[in-house]
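Student: Count along the sequence shown starting at 1, add 205, and that's the number in the numbering used here. Encoded as structure tokens, here's the structure I'll be asking about.
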Amino acid sequence: MISSNTDLSLRPNVNNQLVSKSVCSSILKFQPLKNIIQKIVTLALTSACILQLSGCATGMDAENTPVQGAQDQLIYSPAPKPATNNTATQPPKPKTARITPPPTPSISIERERQTSERLSPIRIQSINADSVMEVKLANDLWERIRKGYAMPNLDTDLVRDREQWYANKGVYLTNMTERSSKYLYYIVEELETRKMPTELALLPFIESSFNPQAVSSAKASGMWQFMPKTGKNFDLKQNAFRDDRRDVLASTRAALDYLQKLYLQFGDWHLALAAYNWGEGNVNKAIQRSKSAGLSGAYTELNMPVETRMYVPKLQAVKDIVANPSQFGITLADIPNHPYFQTVPLPRDMDVRVAAHLADVTMEDFTALNPSAHRPVLLAGGTPQILLPWDNAEIFQRNYEAFGGKLATWTAWVAPTTMKVSEAARRNKMSEADFRSINNIPPKMMIKAGSALLIPRGDKIKSDVSVEIADSGQVSLAPEITLKKLQLRVTKKDTLESFAVKHRIKAAQLAEWNQLGVNAALKPGQVLIIYTAQGNMAKRRPSRDSRDTRVARATNRAH
């Protein structure tokens with residue numbers, strides 16, 4: 206046992222630590238304390254503690270002499286004798302003996318000790334200050350775009366012509382650059398991530414004047430002007446409730462995918478851009494015609510339509526103006542080099558006006574960032590996130606959590622059968638005019654079965670629109686046909702089947718109209734009712750009249 210008065214404290218020294226041999230012996234013999242020390246060593250995993258224990262167990266002989274050749278010489282000092290008032294003769298001092306080292310606490314501790322001996326300490330002096338590179342960030346987004354220019358310049362008379370045209374349209378250019386300020390940072394980020402030329406961020410200036418709601422006469426839509434078919438090829442959904450060709454994130458992803466594909470196909474950015482505007486098939490044919498004429502098939506040698514021939518020069522002109530606006534007397538709108546918007550989850554179906562209100566932004570600003578939402582309601586099943594100005598995202602979340610009103614006043618209804626618009630409106634307690642207006646149904650059109658349409662959301666409807674309908678619902682229409690009632694007599698040889706075939710209708714339909722069985726026998730002179738679209742009978746009559754006229758003429762010639 207160790208006396209309670211024994212001093213177990215270590216006295217630190219600059220080079221060494223002193224500890225008594227007798228204390229070490231007592232520590233090793235006192236099993237509980239020994240276990241505690243072993244646990245401390247295991248947890249700490251420090252070389253100093255391991256070396257101290259190792260030295261205490263094996264580094265000293267009975268005479269407190271350090272073992273020669275030890276890696277670290279540890280000098281031990283006897284512990285002071287305990288103070289006592291007993292004057293009795295003290296027992297003789299026992300003979301000293303070499304301490305047998307205890308077994309190694311664990312293999313992992315030994316490996317850690319060996320590893321600690323091999324590792325060299327990190328010295329501050331080893332850091333070379335000259336190797337630290339100074340990073341200079343762009344002052345604004347225009348400077349960042351300029352630094353990423355990587356396409357070869359096009360120097361033609363058409364470029365000079367377009368430069369002059371834009372320089373003379375200062376107000377027009379200013380309006381375009383102001384609109385672009387909401388989207389340019391995101392586009393540049395995406396281009397840099399893909400290691401694509403940053404002048405491609407200027408392409409929406411040419412395509413849509415940076416208007417994500419632009420629609421061309423050829424039905425191309427959005428900031429990047431995707432045609433419906435091309436949009437579908439690049440996974441841009443177009444359904445009853447949203448058009449991803451207008452979506453800022455989705456359309457940018459699709460446009461850069463398409464441009465990368467075209468560049469890999471043609472190996473030339475000017476040809477890739479021509480194909481983006483004119484179609485890759487047309488560009489391939491133009492290249493073949495150029496080569497057949499003994500030319501190289503380069504972009505400047507192709508015979509292209511006027512719009513495509515002006516396309517790349519327009520982009521080059523805008524690129525030149527951005528590179529040096531003062532040369533053209535232009536002042537570009539200031540666009541900071543930081544994000545304008547961020548994505549925010551849409552937790553529930555929500556009217557567009559409610560979402561804008563919760564975000565504390567105007568309807569104009571909200572629709573500018575969420576142009577794919579061309580209906581009055583956002584369906585969370587198909588639009589899981591919205592874009593909001595950076596500082597308004599937190600405002601939206603806070604107001605949403607505190608909002609106690611009705612989030613959505615519209616929901617989706619699926620037409621069970623093909624029906625007239627008036628019938629669909631009656632079923633949903635709406636006027637026909639309002640039903641047509643909210644669902645963009647033109648006159649003289651019928652609604653096909655399975656169409657997903659917007660109707661008012663009553664107070665009894667608690668659930669949101671399902672993901673299946675919100676993500677893929679379509680409105681299918683067919684021309685509204687006005688049927689004409691006809692009464693026709695049965696001839697001697699007519700059966701229900703032959704009568705139906707003669708008048709181009711189904712036998713089952715004929716039986717239903719006349720309340721007959723499908724196997725009912727007909728009598729000569731019997732009157733049957735059929736319904737046909739107006740004009741169908743008129744189309745058939747000239748055919749019969751012509752046949753009768755031909756028969757009459759043949760008879761007259763025979764006589």
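Positions of the beta carbon are idealized from the N, C-alpha and C atoms, including for glycine. Since we're looking at a predicted model, the values are computed, not measured.
Buried or exposed, going by whether 16 or more other CB atoms sit within 10 Å of the CB of residue 669?
Tutor: Sequence index remark: in the sequence shown, residue 669 carries index 464 (1-based). Buried: at least 16 other Cβ atoms inside 10 Å.
Student: In or out: residue 601 buried (at least 16 other Cβ within 10 Å) or exposed?
Tutor: Here residue 601 refers to the residue found at position 396 of the sequence shown. Classification of residue 601: buried, given that the 10 Å Cβ count is 16 or more.
Student: Could you give the distance in angstroms between the alpha-carbon of residue 661 and the alpha-carbon of residue 551?
Tutor: For the purposes of this step, residue 661 is taken as residue 456 along the sequence shown, with counting starting at 1. For the purposes of this step, residue 551 is taken as residue 346 along the sequence shown, with counting starting at 1. Distance between the alpha carbons of residue 661 and residue 551: 20 Å.
Student: What is the DSSP secondary structure of residue 594, counted as helix, strand or coil?
Tutor: If you number the sequence shown from 1, residue 594 lands on position 389. Residue state, collapsed to three classes: strand.
Student: Where does residue 314 sit, in a helix, a strand or coil, going by DSSP?
Tutor: In the sequence shown, the residue the question calls residue 314 occupies position 109. In this predicted model, residue 314 has a pLDDT of only 46, less than 50, meaning its place in the structure is not dependable; the value taken from the coordinates is given anyway. Residue state, collapsed to three classes: helix.
Student: For the alpha helix (DSSP H) that residue 431 lies in, which residues bound it at each end?
Tutor: Sequence index remark: in the sequence shown, residue 431 carries index 226 (1-based). Where residue 431 is concerned, there is no enclosing alpha helix (DSSP H), given that its DSSP letter is neither H nor E.
Student: Where does the unbroken beta strand (DSSP E) through residue 537 begin, and where does it stop?
Tutor: Taking the sequence shown and counting its residues from 1, the one referred to as residue 537 is at position 332. First-last for residue 537: undefined, no H or E at that position.
Student: Counting Cβ pairs, one atom from each stretch, are 3 or more of them under 8 Å apart for the stretch 356–368 and the stretch 474–487?
Tutor: In short, these stretches touch, since the Cβ pair count reaches three.
Student: Which class does residue 325 belong to by DSSP, given the choice of helix, strand or coil?
Tutor: Position 120 of the sequence shown, counting from 1, holds the residue named residue 325. Confidence in residue 325 is poor, its pLDDT being 47 and thus under 50, which makes the residue's placement unreliable; the coordinate value appears in the next sentence. The answer is coil: DSSP assigns residue 325 none of H, G, I, E or B.
Student: Of the choices 666, 435, 719 and 537, whose alpha-carbon is the least far from that of residue 380?
Tutor: Your numbering for residue 380 matches position 175 in the sequence shown. Taking only the C-alpha atoms, the option nearest residue 380 is 537.
Student: What residue ranges within the stretch 665–721 form continuous beta strand (DSSP E) runs of no fewer than 3 residues, ordered along the chain?
Tutor: If we require 3 residues or more, the beta strand (DSSP E) runs fully inside the stretch 665–721 come out as 682–684 and 688–694.
Student: Is there contact between the stretch 714–725 and the stretch 672–681, where contact requires at least three CB pairs shorter than 8 Å?
Tutor: The stretch 714–725, when compared against the stretch 672–681, does not touch it at the 8 Å Cβ threshold.
Student: Taking the continuous beta strand (DSSP E) assigned at residue 738, which residues delimit it?
Tutor: Along the sequence shown, read from residue 1 onward, the residue named residue 738 stands at position 533. Where residue 738 is concerned, the enclosing beta strand (DSSP E) stretches over 732–738.
Student: Strictly by DSSP, which residues pair up with residue 180?
Tutor: In the structure as shown, the chain begins at 206 and stops at 764. Residue 180 is therefore absent and cannot be evaluated.
Student: In the DSSP assignment, find the alpha helix (DSSP H) that holds residue 405 and state where it starts and stops.
Tutor: What you label residue 405 is simply residue 200 of the sequence shown in a count that begins at 1. From DSSP, residue 405 is part of no alpha helix (DSSP H); its letter is neither H nor E.
Student: Are the CB atoms of residue 458 and residue 393 within a distance shorter than 9 Å?
Tutor: Residue numbering aside, residue 393 sits at position 188 when the sequence shown is read from its first letter. Residue numbering aside, residue 458 sits at position 253 when the sequence shown is read from its first letter. Their beta carbons are not under 9 Å apart, which means residue 393 does not touch residue 458 by this criterion.
Student: Would you mind working out which of 443, 735 and 539 sits nearest residue 695, comparing C-alpha positions?
Tutor: Along the sequence shown, read from residue 1 onward, the residue named residue 695 stands at position 490. Nearest of 443, 735 and 539 to residue 695, Cα basis: 735.
Student: Using a 10 Å radius around the Cβ and a threshold of 16 neighbouring Cβ atoms, would you call residue 408 buried or exposed?
Tutor: Reading the sequence shown from its first residue, position 203 is the one you call residue 408. Answer is buried; the Cβ neighbour count reaches 16.
Student: Across the stretch 603–611 and the stretch 683–690, are there enough close Cβ pairs to call them in contact, namely three or more that are closer than 8 Å?
Tutor: Taking 8 Å as the limit for Cβ pairs, the verdict is that the stretch 683–690 does not touch the stretch 603–611.
Student: Comparing C-alpha positions only, which one of 654, 623, 647 and 659 sits nearest to residue 634?
Tutor: Position 429 of the sequence shown, counted from the first residue, corresponds to residue 634. It is 659.
Student: Would you tell me roughly how many angstroms separate the C-alpha atoms of residue 625 and residue 632, rounded to the nearest one?
Tutor: Walking along the sequence shown from the start, residue 625 turns up at place 420. Walking along the sequence shown from the start, residue 632 turns up at place 427. Going by the C-alpha atoms only, they are around 11 Å apart.
Student: Can you list, in chain order, the residues of its chain with a C-beta nearer than 8 Å to that of residue 399? Leave out the 5 residues immediately preceding and following it.
Tutor: The count along the sequence shown starts at 1 and reaches residue 399 at position 194. Answer for residue 399: 461 and 465, listed in chain order.
Student: So is residue 450 buried or exposed if we call it buried at 16+ other beta carbons inside 10 Å?
Tutor: By 1-based counting over the sequence shown, the position of residue 450 is 245. Buried: at least 16 other Cβ atoms inside 10 Å.
Student: So, with DSSP's three-state summary, where would you put residue 602?
Tutor: Sequence index remark: in the sequence shown, residue 602 carries index 397 (1-based). Looking at residue 602 - three-state DSSP - the assignment turns out to be helix.
Student: Residue 617 by DSSP, collapsed to three states: which one?
Tutor: Counting from one through the sequence shown, the residue named residue 617 turns up at place 412. Residue state, collapsed to three classes: strand.
Student: Have a look at residue 388 and residue 355 and give me their C-alpha separation to the nearest angstrom.
Tutor: Taking the first residue of the sequence shown as position 1, residue 388 is located at position 183. Taking the first residue of the sequence shown as position 1, residue 355 is located at position 150. Going from the Cα of residue 388 to the Cα of residue 355 covers about 21 Å.
Student: Need the endpoints of the alpha helix (DSSP H) that residue 547 sits in, please.
Tutor: Along the sequence shown, read from residue 1 onward, the residue named residue 547 stands at position 342. Note, residue 547: premise wrong, no alpha helix (DSSP H); beta strand (DSSP E) at 546–550.
Student: Can you pull the DSSP bridge partners for residue 657?
Tutor: Counting from 1 along the sequence shown, the entry for residue 657 is found at position 452. Looking at the DSSP assignment, residue 657 forms a beta bridge with 619.
Student: Hey, could you find the ends of the alpha helix (DSSP H) residue 381 is sitting in?
Tutor: Mapped onto the sequence shown, residue 381 falls at position 176. That run of the alpha helix (DSSP H) goes 375–385.
Student: For residue 525, tell me which candidate among 698, 737 and 365 has the shortest Cα-Cα distance.
Tutor: As a working mapping, residue 525 is identified with position 320 in the sequence shown. The candidate whose alpha carbon is nearest that of residue 525 is 365.
Student: Would you kindly report the start and end of the unbroken alpha helix (DSSP H) that includes residue 350?
Tutor: Counting from one through the sequence shown, the residue named residue 350 turns up at place 145. 346–352 is the extent of the alpha helix (DSSP H) around residue 350.
Student: Residue 453 to residue 575, Cα distance in whole Å?
Tutor: On the sequence shown, residue 453 is found 248 positions in, with the first residue counted as 1. On the sequence shown, residue 575 is found 370 positions in, with the first residue counted as 1. In a straight line, the C-alpha of residue 453 is about 7 Å away from that of residue 575.
Student: Can you tell me whether DSSP reads residue 624 as helix, strand or coil?
Tutor: The residue given as residue 624 occupies position 419 in the sequence shown. Correct three-state label for residue 624: strand.
Student: Applying the 10 Å Cβ sphere with the 16-neighbour rule, what's the burial state of residue 376?
Tutor: Position 171 of the sequence shown, counted from the start, is the residue given in the question as residue 376. Burial call: exposed.
Student: Residue 438 and residue 428 look like a contact to me (Cβ under 8 Å); what is the Cβ gap, rounded to whole Å?
Tutor: One-based indexing of the sequence shown puts residue 438 at position 233. One-based indexing of the sequence shown puts residue 428 at position 223. Contact doesn't hold; Cβ gap of about 18 Å is too wide.
Student: Just to confirm before moving on: does the CB-CB distance between residue 540 and residue 347 stay below 9 Å?
Tutor: Position 335 of the sequence shown, counted from the start, is the residue given in the question as residue 540. Position 142 of the sequence shown, counted from the start, is the residue given in the question as residue 347. It is a contact, given that the beta carbons lie within the stated cut-off.
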